[in-house]
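The numbering of the sequence shown is my numbering, which starts it at 9 and goes up by one.
Cβ coordinates follow ideal geometry from the N, Cα and C atoms, glycine included.
Only a predicted model underlies this, so the values are computations on that prediction, with no experimental measurement involved.
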Amino acid sequence: MAVESAAIPRSWYVINGYNNTFTFTSAPGSGPITITPGNYNATQLSLALQTAVRALAGGLSGFTCTYDSVTNKLQMTLAVTFTISDVNTATARWLGFARGVTSLAASFSPGPVLYVLSPPQVLDLSYTKTLRIVSSIHSMTVAQQGNEQQDSVRGTIAVLNVSVAPQGIILYRPQVPDEHILARNTVEGLTFTLADDDGNVIDMNGGDYELLVQVRFEVGETDVAPSALTLATGSFVN
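Spelled out as structure tokens, the structure:
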């Protein structure tokens with residue numbers, strides 16, 4: 009089986025149900041923060057974050073979140089110390105947390121009595137760098153026979169680079185498609201889904217996508233004098 013071509017609109021949201029939550033903790037008020045799913049630029053996202061934190065308690069009205077266009081980082085300030093925690097890998101990308109870091113506390117800044125939290129990495133609003141086409145049946149590429157290395161997302165049959173802006177169309181037509189051997193002798197049904205870098209199913213937000221997948225069946229008969237395999241080829245559009 010091989011994906012020969014694909015046309016996929018980038019209709020999913022940059023902020024979605026996988027990366028829109030974390031926990032804010034401070035003396036004036038604490039609680040979970042949820043950013044409404046959608047497409048944001050850096051300024052819009054910093055304002056949304058500031059609004060969500062201030063809504064936790066009246067004592068947080070002095071909380072600020074700004075975007076520095078020179079460093080491409082977020083900066084958060086408050087008159088008392090605070091911590092951001094429960095940050096998962098997907099949320100860490102746009103907050104600027106290092107991979108694997110789930111909690112950061114603000115540091116005291118002399119001069120104006122403020123505590124400042126500026127994550128070490130840049131703001132990343134790309135959401136996912138690659139798009140995976142995933143088959144419902146586990147498979148192995150022809151090149152991987154005898155080699156147990158597999159893609160990090162089980163069932164992946166093609167990996168596409170996301171190189172277009174939101175609302176653009178991702179086109180995929182490899183010169184030599186990767187062929188995959190299905191891990192079954194019979195196939196009664198086959199479905200395909202799209203997944204992000206972490207294997208999460210991507211909500212296409214109502215968008216349709218098109219795949220051209222070729223499935224080749226090898227049918228053989230073994231007897232005293234084994235005969236050569238005969239090939240049957242079929243393709244379909246999903």
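query: DSSP three-state assignment for Thr42, whether helix, strand or coil; result: strand
query: DSSP beta-bridge partners of Tyr75; result: Leu82
query: Any 3 or more C-beta pairs closer than 8 angstroms across the stretch 189-203 and the stretch 26-36; result: no
query: Cβ neighbours of Ile177 in the same chain (closer than 8 angstroms, five flanking residues each side left out); result: Ala15, Ile16, Pro17, Arg18
query: Distance between Gly46 and Asn24 (C-alpha atoms, nearest Å); result: 7 angstroms
query: Spatial neighbours of Asn208 in its chain, beta-carbon cut-off 6 angstroms, leaving aside the 5 residues before and after; result: Tyr26
query: Counted within 10 angstroms of its Cβ, other Cβ atoms place Thr201 as buried (16 or more) or exposed; result: exposed
query: Per-residue DSSP class, three states only, for Gln222; result: strand
query: Local Cβ density within 10 Å of Asp204, reported as buried at 16 or more and exposed below that; result: buried
query: Opening and closing residue of the beta strand (DSSP E) in which Thr89 lies; result: Taken as a continuous stretch (DSSP letters only), Thr89 belongs to no beta strand (DSSP E), as it is neither H nor E.
query: Cβ distance (whole Å) where Met84 is taken to contact Thr72 below 8 angstroms; result: 7 angstroms
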